[in-house]
Structure formats: structure tokens, C-alpha cells
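J.:
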Amino acid sequence: MKVPVTVTVNGRRYARDVEPRLLLVHFIRDLGGITGTKIGCDTSQCGACTVLLDGVAVRSCTCLAVQADGSAVTTIEGLAENGKLHPLQEAFWDKHGLQCGFCTPGMILAAHELLRTKPKPSDEEIRAGLEGNMCRCTGYHNIVRSVRQAAGVMAGR
Amino acid sequence: MATSVFGSGIRRREDPRLITGAAAYTDDLSLPDMVHAAMLRSPHAHARITRIDSSRAKKAPGVIAVFTGAEIDALQAMPCAWLLPNSNLKVATYRCGACDVVRYVGDIVGVVVAETAYQAQDALELVDVDYEPLPVVTDPVSANKPGAPQLHPDVPNNEAFHWTVGGGDIDAAFKNAEVVVKERIVQQRLIPNAMEPRAALAHWKGASGELTLWNTTQNPHILRFLCSVVTGISEDKLRVVAPEVGGGFGSKIAAYPADFITVFCARKLNRPVKWTESRRENYQATTHGRDHVQEIELAAKKDGTILGLRATVWAGMGAYLSTAAPGIPTILHGLMLSGVYNLPALKEDVHGVYTNTTPVEAYRGAGRPEATFMIERMMEKLAAELKMDPAQVRLKNMIPRFENGHSVVTGLSYDSGDYPAGLKKLLDHVKYQELRKEQDDARKKGRYLGIGLATYVEICGLGPSQVAGAIGFQGGLWESAIVRFHPTGKVHVFIGASPHGQGEETTFAQIVASEIGVDVGDVKVFHGDTDVTPMGWGTYGSRTTAVGGAALVLATRKVKEKAKIIAAHLLEAAVEDIEYADGKFSVKGSPGKAKTIQDIALMAHVAWNMPKDVEAGLEASMFYDPPNFTYPFGSHLAVVEVDAETGQVDLKRYVALDDCGPQINPVIVEGQVHGGVVQGVGQALWEEAVYDENGQLLTGSMIDYALPRADLLPNIEVLSTVTPSPHHPLGLKGIGEAGTIASTAAVYNAVLDAVAPLGVKTLQMPMTPERVWRAMQQAQQP
Numbered sequence: 005m006k007v008p009v010t011v012t013v014n015g016r017r018y019a020r021d022v023e024p025r026l027l028l029v030h031f032i033r034d035l036g037g038i039t040g041t042k043i044g045c046d047t048s049q050c051g052a053c054t055v056l057l058d059g060v061a062v063r064s065c066t067c068l069a070v071q072a073d074g075s076a077v078t079t080i081e082g083l084a085e086n087g088k089l090h091p092l093q094e095a096f097w098d099k100h101g102l103q104c105g106f107c108t109p110g111m112i113l114a115a116h117e118l119l120r121t122k123p124k125p126s127d128e129e130i131r132a133g134l135e136g137n138m139c140r141c142t143g144y145h146n147i148v149r150s151v152r153q154a155a156g157v158m159a160g161r
Numbered sequence: 003m004a005t006s007v008f009g010s011g012i013r014r015r016e017d018p019r020l021i022t023g024a025a026a027y028t029d030d031l032s033l034p035d036m037v038h039a040a041m042l043r044s045p046h047a048h049a050r051i052t053r054i055d056s057s058r059a060k061k062a063p064g065v066i067a068v069f070t071g072a073e074i075d076a077l078q079a080m081p082c083a084w085l086l087p088n089s090n091l092k093v094a095t096y097r098c099g100a101c102d103v104v105r106y107v108g109d110i111v112g113v114v115v116a117e118t119a120y121q122a123q124d125a126l127e128l129v130d131v132d133y134e135p136l137p138v139v140t141d142p143v144s145a146n147k148p149g150a151p152q153l154h155p156d157v158p159n160n161e162a163f164h165w166t167v168g169g170g171d172i173d174a175a176f177k178n179a180e181v182v183v184k185e186r187i188v189q190q191r192l193i194p195n196a197m198e199p200r201a202a203l204a205h206w207k208g209a210s211g212e213l214t215l216w217n218t219t220q221n222p223h224i225l226r227f228l229c230s231v232v233t234g235i236s237e238d239k240l241r242v243v244a245p246e247v248g249g250g251f252g253s254k255i256a257a258y259p260a261d262f263i264t265v266f267c268a269r270k271l272n273r274p275v276k277w278t279e280s281r282r283e284n285y286q287a288t289t290h291g292r293d294h295v296q297e298i299e300l301a302a303k304k305d306g307t308i309l310g311l312r313a314t315v316w317a318g319m320g321a322y323l324s325t326a327a328p329g330i331p332t333i334l335h336g337l338m339l340s341g342v343y344n345l346p347a348l349k350e351d352v353h354g355v356y357t358n359t360t361p362v363e364a365y366r367g368a369g370r371p372e373a374t375f376m377i378e379r380m381m382e383k384l385a386a387e388l389k390m391d392p393a394q395v396r397l398k399n400m401i402p403r404f405e406n407g408h409s410v411v412t413g414l415s416y417d418s419g420d421y422p423a424g425l426k427k428l429l430d431h432v433k434y435q436e437l438r439k440e441q442d443d444a445r446k447k448g449r450y451l452g453i454g455l456a457t458y459v460e461i462c463g464l465g466p467s468q469v470a471g472a473i474g475f476q477g478g479l480w481e482s483a484i485v486r487f488h489p490t491g492k493v494h495v496f497i498g499a500s501p502h503g504q505g506e507e508t509t510f511a512q513i514v515a516s517e518i519g520v521d522v523g524d525v526k527v528f529h530g531d532t533d534v535t536p537m538g539w540g541t542y543g544s545r546t547t548a549v550g551g552a553a554l555v556l557a558t559r560k561v562k563e564k565a566k567i568i569a570a571h572l573l574e575a576a577v578e579d580i581e582y583a584d585g586k587f588s589v590k591g592s593p594g595k596a597k598t599i600q601d602i603a604l605m606a607h608v609a610w611n612m613p614k615d616v617e618a619g620l621e622a623s624m625f626y627d628p629p630n631f632t633y634p635f636g637s638h639l640a641v642v643e644v645d646a647e648t649g650q651v652d653l654k655r656y657v658a659l660d661d662c663g664p665q666i667n668p669v670i671v672e673g674q675v676h677g678g679v680v681q682g683v684g685q686a687l688w689e690e691a692v693y694d695e696n697g698q699l700l701t702g703s704m705i706d707y708a709l710p711r712a713d714l715l716p717n718i719e720v721l722s723t724v725t726p727s728p729h730h731p732l733g734l735k736g737i738g739e740a741g742t743i744a745s746t747a748a749v750y751n752a753v754l755d756a757v758a759p760l761g762v763k764t765l766q767m768p769m770t771p772e773r774v775w776r777a778m779q780q781a782q783q784p
């Protein structure tokens, strides 16, 4: 049995008939062909699959596509506006906040959520805010610096 | 100008695609008509397959084919590529698909191919397999004893190899010893956890008999060779592509049965087949690291002078020997046991043992962290025994500064080093004496502060191919580079190595830019595609810059020599009179007469006015086989506080001092150190692969396996010294593994230092609150 689902991803509407068990991340990646969102652990531990669902960060590997019916999703591909990088993207680039890049889409969107709810976090708050996103390359040091820079830029505009 | 780009922390060329989601990793790729494979894996650690019936699965929705182990018949056994000499090595048969006996949870017994990944996964449950469980053994010490369950016929006591290393007069060392300290250390098994799970996409083109394999690999050229051996597709018809690869840490060096089974299915079904492991599969069947049990004794004089080190190590190899596995606990471990010290005598016995567990391979540091830990723990124990300061004991025994070769007891010749200078700089930076005073004051207030040191030297830049052959590595270890100028002076670089997060697209562009005066943005680096790049042996062992970087700089210099000849011709001067500076070739004494490299590139391509006998075009290639290994080194210090009520360890401060020679891009070097340090901290405090007595992996997901998290770590202070390698054309040594090699020992020593006043003398890693608390309680009991 398939059910109709419509999800707007990065401003574009995707209407598909899906199995009720289909995960949102597979909807985005496999049915939408938008592959910036990564799958790292299948158990909601690593945060690589983080996307914004109606502006709020969720783990798309533990959200069903049917739950997102009628919603708007922003993935890493939708974060830059008019070809201009988001301050978080710019900051991760400036501060060497990534190495292999696999955790980065989720990390940036989790940081987006952190700054949405706490625009001027301390380093400790940045670390606490990102404790659900795993990175094996950076040791988090430069991720903290990146988020700190982005917070400064975003507060100033 | 261009020359200053070497040593500059410019932003990475890789990043724009990675921060926008445009990068394509293997699992992001799709092909028309593509189908999906799922591996059927053994739920038993050791069992005989008595029946396997795939008829129900074959009828499931979307299923295209099911192949059992016995039906995956066109594949040869998995080759082992490090055939350790003088070791009685026994390479047990490692079939791609098991057909009679399974030997670890995760051993493949079949494969399902279906239209969608969900359907393939569903149908796995419909393959009926009957198993007759066999006795299980998971730890290498038990497995090596007579009477232990036997994994393979003709491998008595499960001993895959017995390897020894020695030098000096070890018996005399212990006879003359005034003090002997002993320790038993368990280097627990670790799970590498590259964030990107492994994946393969195989595309068979029946008409031409060609196959392309996209794969999450650190070494596509080695994989092509091994794929050819296992699948029988000839090398010229195989293309292996490592697209974006999301970290490896050693776990993407090996060739894996699942990848070859994916190839097998694509060929058999004549459709593109993709396989992507789940994280659970990654834990069960992608290679693990470490798994040593070490018994060590150190002989010394009362003044702290060390005389000899004697050790026996049992190294768990898992159920089969993975591609490079035998070299890890031996060559890369035992040969490094002198560390940064004057060690007069050494004897080590290493028993590589098959157990009913996931195969073990290189894991960041690969053998060297295990060696460093042994020495650094023993130095600390010796200091405690003699009531000497641990820094002083180290300084007393350190090899003094040397610039061009120093032979150690294991037979290696280190390239260059200044170990005392590094340690002293570290101690000055942290104001060591004040730190010790702070510790004393804290202790008086009932707070348990600990200070831990670790020094290290590592063997990198693997390595001279002649040595590789002598130590049984079934390949060469040179690297290659092609530097190709285009008519407008833009440059394409093709390298055989295969970076996957380390940033060589940037640092290698910096090398070319600083050598020949083009803008760094005008250099594009290609890697990871066997149809495009020259042969190379891959990215591991901190060798890409140390070996591939040398190939690149020498290729660039070849281009420069040709450019000089063309410049001399165009400027009507003798070649000897042409000087090069900042991208310009000018005539000595008349700097106004000059040609830029761009002018020369254009002329080389239009070729209207070339010197006699000089061919058109401007490119060069270089295969570089290093004359020796490189030996980066450093000293690290950790400060911890242990909560006496809970046993919780708080890592308060971490300072790393590393010497990797000159730094191409210090920001990238720091990033490598940060990540490496945290991986080593993970081993000290949190990470452990745990098997139960039945061989079930209890830490089988990220829920149960404790990875380092952002909120548990401090910022990391990074210092450096610069001691160039005498044999590398730019003096470079390598930095990828340094942090991991030092940090486990530094943190361990810090925790032991913290709880020393309570009488705790040893702890098992990871040093979880429970273990620390129990050790404190036991030490306090009368």
C-alpha cells in the first residue's frame, strides 16, 4: 500500500506515492535525488542526516516521509541564498571546520538550530549544543571555532 | 607572491562542494537501471552451515536474485597482501561468501539483489539458514592456548604467526638491572567509525567486458589490482573510482568480500548494482583496530637509565587475515619499540592469533600507538618506582638531536629528530613546574589532578619499495605525480595517492604554486580514479605528503627545467644564464628580459618557436621511491581531574607538540592534530568493542559504542617544532596519525597520575567512571 506525500524540499514541491515506512531521508535522497543529506548511523546517534523541517532541525533518518507530508524541508543544498553561502557555511570554510565533509551537512544544520535557539552561545554551549552530532575527523575544535564565527556574523547583521 | 603560499594557512579548495552538499560520495551515485544488494551475514560467531535455502527469498517482491556462499563461485579467495617473512605465517582461506563454516558475526553467507534497498533488506529475512553452533573464542590469549576452539584447519593454537624482533643483549640488560618494572596492558579493540559507511557501486559493460567500481577506498589502485585477482576481470578492463570518501582511518584500506560480491552480482545480472552497509554492518564487518594484550618488563639502573625492554604481545587478528593486517602488530609496532630513547637491548615476541571476531586492520596509527603506549607507560612506571619526575626520566634517556640518520636497536635508521627540544618547549609552554605545584595544592584540597606526558616518534612515509619487499609487503610503496600545464598556464596535477579528507587538493596545489610561480587557484589536483591518475599505492600511514608530495615537487621541477630551456631560447640566452624567481625566468644580470611560466606554457603548446629537439607541451611525470621512511615526532601533555566520588575523568587541558618538518599549510596540520588527538583520547576514555562469550558484538551500534563527543572535550593547544627530513626534497614528514599515537598514552598517564595518591597502579582502558571508581575503591581496601 502506498500513500501520497507532498514535501517541499528547498523550495521545490515533490509529490510522490510512498510506502508508509519510508524514511524522510530516503524520500529526500532516493525519490528527490537530493543527496547532500547523509546517513551515518541508522540509529539517530550521529546527526549526519539532520535537516530543517519547517525551520526546526530534525533527524531525517528517524522521521517518516508521511510525517513530513505538507511540510517544507531545508537541506544543506538549500542553505545558501542566491548563490551566497550562509554565514555558517562560510565559517566552516574559514575555520577549517571540516575534513572529510561527511558529517558537515548535518553539523551545519545542527549548528543552525543551535544559533536559532541561542544566538550568542559560549564555547561550552556550542559544545553542548552539538553533542548529538558526531565528527571523527576534526576533534570538534575547529567546529566550535566555526560556529563561534558564524554566531558573530549573524548577530551583527 | 606565489612562493609564500607554501606555509600559508589558506582555505581548502575541497570545501565549497562539501559545505553545499554538492560533493558525491559513493552512496550518492545512481545509474539508470541500478539495483540494490544486501549482504546476508552470519548471526553466529562460529557455526557450521547445515542447510541454506533461498527459495522463499527469491519469490519476495522486487527480488531479482539470491546467491548463497557456494553460488558466489566465480570469486577467488581474499588475498592477504602482507606476507610477513620469518614468522611461520599461516594465511587461512578467506572466502568471499562462506559455504561451510562461518567464523565471526558478520561473515557473509549470501547476497540478495532487489529493485530497491528496502526490498533487498526485507528478503534477507526470507533466506533460511540452519546453523550448528561451534565453540567460540574471542580473546587472543585464550585462543592461543592448547585446547582452545580451532577456527581453521592446519592452524594449531590459532596462531596466524609468531614474529620476533630483537637487538642488543637482552639477557645482560636484565642481569645488570638495578630495577625492573612490569606491566600488563590491554590495548582494547576499537571500531574505526569513519562517518561514511562503506559502499560499492559496480557497473558491468557486457559489450566490452569492462567494469567500473566506485568504492569507499583509501587506495583505488591497490583495489583494482586485488579486484582483478579476485574477480578475474583483467586489470586493463577494470576502473576503480574513489569518489568523495568520508574518512577512512585505516578501515578503507582493506579489500572486502562485500565489494567483490557486488561486482560479481553486477556481472552476473548485467545491471549496475549498489551496496551500502548499514552502521550495524560497519561495526560487525568493517575492520577493527588494536586488540593487543601486552606483557612488558623494563630493565633500568637506579639513576633512571634504561637498559632493556622485553615484551610478549598477543594480537587478535579476527577470523581471517585482512589485506595488510599481519604487518600492523609487527613491522609497524615492534620496530618502533625504541621510541625516542637510547634503548640498548630489546626482545619482543608477537603472536598473531585468529579469533571469532571481525578482522583487524590498520587503524589510525596502526601499530605505532600500541608501541608508543608500551614505552611511555613503562617510562612513567619507572619514574614512579624511582620517585623521579617523569619528564626528567624521559630527558635522561632521549636520543640527542641528530640531523641525518640515527640507528636504533630495532635496526631502523631514524631520519632526523630533536626530541629533547620538543619536550622542553612543551614543558616551558605549560610552565611544568607551576603545573606540578598546582597539582600539589589541589591534592591538599582533596582534588585529584593528574598530569600525563607522552613522547613519540613514528615511522611514516612508507616507504622504500625494496624494504617493502624485504618485509613481505606484496607491493611497492612509491608514489607518482603528473604535472600538466595547459596553454593558458593553468595546471592539472594527477596523483596516485587518494586523499579522503586530509586536504591534499589544497596542499598539493600549494606545493606546485610555490615551486613554479602559478597562482594556487590555477592548480587543480585529480586523484582517486584509476583511469585518470597514474598508479599509486594509496593514502595511509601518513604517506601521501611524505611520498606523493615528493613525487609532485620533483615532477614540478622537471617542468621547470624544460621551461628554462624554452625561456633561454625565447630570450636568446644560454640555459645556464636563466634564473628563476617568483614565477619569472629571466636572464642573469638583465632582469627586464624575462618570460613568465604562462608565456612559456603558451609557447610550448603553440610550438611556433621551440628550441631544437625540444618536444611540444609542458608536462612531466615522476615516480618517487623514497630512500628511507620519515620519522615525525613530538611530545604531548594532558591534564585531567578525576572525581573521587564518581570516578569520572574530566580532560581539562591538552597540549600537543608535533614535528612533521616544514608545514605546507599550518591550519590543515593543526586540524590533523586535533582529530588525531581526539581519536586517541577516545581509546583512553570511552571506546571499546566488546564481545560476549558467544562472540556477539555487544557494542554493535553508536548507541553502545562511545565515540568522542563535542561536549566532553576541551580545546586543544597545538605547538610545533620544525626538523626537516634530510631525504625528502621539501623536508616533509607527515602528520596524519601523530595525534592518535601520542594522546592515548598521555591521557592514560594523566589519569594514573591523578589517582596515584589513592594507591591505584593500573587501570584498564577505556577508563570509564565505573572502572576508575572500582580501582579507587579496591586500592583503598586494607
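Protein chains in written order, with my numbering: chain A, 5 to 161; chain B, 3 to 784. Glycine included, C-beta positions come from ideal geometry on N, C-alpha and C.
For a contact meaning CB atoms closer than 7 Å, what does Y542 (chain B) contact in chain A?
T.: Your numbering for residue 542 (chain B) matches position 540 in the second sequence. Those within 7 Å of Y542 (chain B) in chain A number zero; the least Cβ separation is about 14 Å.
J.: For V577 (chain B), tell me which candidate among B:G585, B:V495, B:V589, B:A583 has the shortest Cα-Cα distance.
T.: Here residue 577 (chain B) is taken as the residue at index 575 of the second sequence, counted from 1. Among B:G585, B:V495, B:V589, B:A583, the Cα nearest to that of V577 (chain B) belongs to B:V589.
J.: Do V129 (chain B) and V167 (chain B) have their C-beta atoms within less than 8 Å of each other?
T.: Here residue 129 (chain B) corresponds to residue number 127 of the second sequence, with the count starting at 1. Here residue 167 (chain B) corresponds to residue number 165 of the second sequence, with the count starting at 1. It is not a contact, given that the beta carbons lie outside the stated cut-off.
J.: To the nearest angstrom, report how far apart L68 (chain A) and L28 (chain A) are at their CA atoms.
T.: Residue mapping note: residue 68 (chain A) aligns to position 64 of the first sequence, counting from 1. Residue mapping note: residue 28 (chain A) aligns to position 24 of the first sequence, counting from 1. Spanning the two alpha carbons is a distance of roughly 5 Å.
J.: Can you list, in chain order, the residues of its chain with a C-beta nearer than 6 Å to that of G136 (chain A)? Leave out the 5 residues immediately preceding and following it.
T.: For the purposes of this step, residue 136 (chain A) is taken as the residue at position 132 of the first sequence. Taken in chain order, the residues that qualify are G51.
J.: At which residues does the beta strand (DSSP E) containing P668 (chain B) begin and terminate?
T.: As a working note, residue 668 (chain B) is residue 666 in the second sequence. Careful: P668 (chain B) lies outside any beta strand (DSSP E), inside the alpha helix (DSSP H) at 668 to 687.
J.: Roughly how many angstroms lie between the CA atoms of C98 (chain B) and V774 (chain B), to the nearest whole one?
T.: In the second sequence, the residue the question calls residue 98 (chain B) occupies position 96. In the second sequence, the residue the question calls residue 774 (chain B) occupies position 772. Spanning the two alpha carbons is a distance of roughly 42 Å.
J.: Check each candidate in B:W277, B:E507, B:Q468 and name the one with the smallest Cα separation from A119 (chain B).
T.: Position 117 of the second sequence holds residue 119 (chain B). Considering only alpha carbons, the answer is B:W277.
J.: Consult DSSP for D98 (chain A) and reduce its assignment to one of helix, strand or coil.
T.: Within the first sequence, numbered from 1, the residue matching residue 98 (chain A) stands at position 94. Helix.
J.: Return helix, strand or coil for K595 (chain B), following the three-state DSSP convention.
T.: By one-based count along the second sequence, residue 595 (chain B) stands at place 593. Correct three-state label for K595 (chain B): strand.
J.: Are any of the Cβ atoms in chain A nearer than 8 Å to that of Q512 (chain B)?
T.: On the second sequence, position 510 is the one that residue 512 (chain B) refers to. Cβ-Cβ to chain A under 8 Å: no for Q512 (chain B).
J.: Less than 8 Å between C-beta atoms, sequence neighbours within five positions excluded: which residues of the same chain meet that for K147 (chain B)?
T.: Position 145 of the second sequence, counted from the first residue, corresponds to residue 147 (chain B). Cβ neighbours of K147 (chain B) beyond the five flanking positions: N159.
J.: Which first and last residues belong to the alpha helix (DSSP H) in which K270 (chain B) is found?
T.: Against the second sequence, residue 270 (chain B) aligns to sequence position 268. Where K270 (chain B) is concerned, the enclosing alpha helix (DSSP H) stretches over 259 to 271.
J.: How far does the beta strand (DSSP E) with T78 (chain A) in it extend, from its first residue to its last?
T.: Start at 1 with the first residue of the first sequence, and residue 78 (chain A) comes out as number 74. T78 (chain A) -> beta strand (DSSP E) spans 76 to 78.
J.: Output yes or no for whether 8 Å exceeds the beta carbon distance between V70 (chain A) and V7 (chain A).
T.: Counting from one through the first sequence, the residue named residue 70 (chain A) turns up at place 66. Counting from one through the first sequence, the residue named residue 7 (chain A) turns up at place 3. Yes; because the gap between Cβ atoms is below 8 Å, this pair is in contact.
J.: Shorter than 8 Å from the beta carbon of H100 (chain A) to some beta carbon of chain B?
T.: Along the first sequence, one-based indexing puts residue 100 (chain A) at 96. At least one chain B Cβ lies under 8 Å of H100 (chain A).
J.: Buried or exposed, going by whether 16 or more other CB atoms sit within 10 Å of the CB of K88 (chain A)?
T.: Translated into the one-based positions of the first sequence, residue 88 (chain A) becomes position 84. With fewer than 16 other Cβ atoms within 10 Å, it is exposed.
J.: The beta strand (DSSP E) spanning K586 (chain B) covers which residue range?
T.: Along the second sequence, read from residue 1 onward, the residue named residue 586 (chain B) stands at position 584. Where K586 (chain B) is concerned, the enclosing beta strand (DSSP E) stretches over 586 to 589.
J.: Taking one C-beta from the segment 563 to 570 of chain B and one from the segment 596 to 606 of chain B each time, how about it: are there three or more such pairs within less than 8 Å?
T.: Judged by Cβ distances under 8 Å, the segment 563 to 570 of chain B makes contact with the segment 596 to 606 of chain B, as three or more pairs qualify.
J.: Who are P361 (chain B)'s beta bridge partners in DSSP?
T.: Residue 361 (chain B) sits at position 359 when you count from the first residue of the second sequence. BP columns for P361 (chain B) are empty, so no partner.
J.: Consult DSSP for R292 (chain B) and reduce its assignment to one of helix, strand or coil.
T.: Taking the first residue of the second sequence as position 1, residue 292 (chain B) is located at position 290. Looking at R292 (chain B) - three-state DSSP - the assignment turns out to be strand.
J.: Leaving aside the five residues before and after P784 (chain B) along the sequence, list all residues of the same chain whose C-beta is less than 8 Å from its C-beta, in chain order.
T.: On the second sequence, residue 784 (chain B) is found 782 positions in, with the first residue counted as 1. Taken in chain order, the list of residues that qualify is empty.
J.: From the DSSP output, read off the bridge partner residues of W216 (chain B).
T.: Sequence index remark: in the second sequence, residue 216 (chain B) carries index 214 (1-based). Partner(s): B:L203, B:V243.
J.: Taking the straight line between their C-alpha atoms, what separation do you get for F635 (chain B) and Y421 (chain B)?
T.: Counting from 1 along the second sequence, the entry for residue 635 (chain B) is found at position 633. Counting from 1 along the second sequence, the entry for residue 421 (chain B) is found at position 419. Their backbone Cα atoms lie some 7 Å apart in a straight line.
J.: What does the alpha-carbon distance come out to for the pair V522 (chain B) and G505 (chain B)?
T.: Within the second sequence, the letter at position 520 stands for residue 522 (chain B). Within the second sequence, the letter at position 503 stands for residue 505 (chain B). Near 14 Å, if we compare the C-alpha coordinates of G505 (chain B) and V522 (chain B).
J.: Counting only beta-carbon atoms, is G156 (chain A) nearer than 8 Å to chain B?
T.: Taking the first sequence and counting its residues from 1, one reaches residue 156 (chain A) at position 152. Output row for G156 (chain A): interface = no.
J.: Please report whether the beta-carbon of E172 (chain A) lies at a distance below 8 Å from any beta-carbon of chain B.
T.: Residue numbering for chain A in the displayed model covers 5 to 161; residue 172 (chain A) lies beyond these limits and cannot be assessed.
J.: Between the alpha carbons of V9 (chain A) and V22 (chain A), how many angstroms are there, rounded?
T.: Sequence index remark: in the first sequence, residue 9 (chain A) carries index 5 (1-based). Sequence index remark: in the first sequence, residue 22 (chain A) carries index 18 (1-based). So the alpha carbons of these two residues sit roughly 7 Å apart.
J.: So which residues of chain B does Q71 (chain A) contact, with C-beta pairs closer than 9 Å?
T.: Looking up residue 71 (chain A) in the first sequence gives position 67. What Q71 (chain A) touches in chain B: nothing, since even the nearest Cβ is about 17 Å away.
J.: Enumerate in chain order the residues of its own chain whose CB-to-CB distance from G550 (chain B) is below 6 Å, with the five nearest sequence positions on each side excluded.
T.: Looking up residue 550 (chain B) in the second sequence gives position 548. Excluding sequence neighbours, G550 (chain B) sits near E481, I497, A499.
J.: By the criterion of Cβ-Cβ separation under 7 Å, what are the contact partners of Q685 (chain B) in chain A?
T.: Counted from its first residue, the second sequence places residue 685 (chain B) at position 683. Those within 7 Å of Q685 (chain B) in chain A number zero; the least Cβ separation is about 13 Å.
J.: Rounded to a whole number of angstroms, what is the C-alpha to C-alpha distance between G478 (chain B) and I224 (chain B)?
T.: The residue labelled residue 478 (chain B) in the question sits at position 476 within the second sequence. The residue labelled residue 224 (chain B) in the question sits at position 222 within the second sequence. C-alpha separation (whole angstroms): 10 Å.
J.: When you compare only the Cα positions, how much space is there between T219 (chain B) and T532 (chain B)?
T.: For this step, residue 219 (chain B) is matched to residue 217 along the second sequence. For this step, residue 532 (chain B) is matched to residue 530 along the second sequence. Approximately 12 Å between the Cα atoms of the pair.
J.: Write down the C-beta distance between D35 (chain B) and P142 (chain B) rounded to the nearest angstrom, noting that I regard them as a contact closer than 8 Å.
T.: For the purposes of this step, residue 35 (chain B) is identified with residue 33 of the second sequence, where counting begins at 1. For the purposes of this step, residue 142 (chain B) is identified with residue 140 of the second sequence, where counting begins at 1. D35 (chain B) to P142 (chain B), Cβ: 46 Å. No contact.
J.: So, does the segment 401 to 409 of chain B touch the segment 692 to 708 of chain B, judging by three or more C-beta pairs under 8 Å?
T.: With the cut-off at 8 Å, the segment 401 to 409 of chain B and the segment 692 to 708 of chain B do not touch.
J.: Just tell me which of A:G101, A:L113, A:P24 has its CA closest to the CA of K42 (chain A).
T.: Counting from 1 along the first sequence, the entry for residue 42 (chain A) is found at position 38. Per the Cα distances, A:L113.
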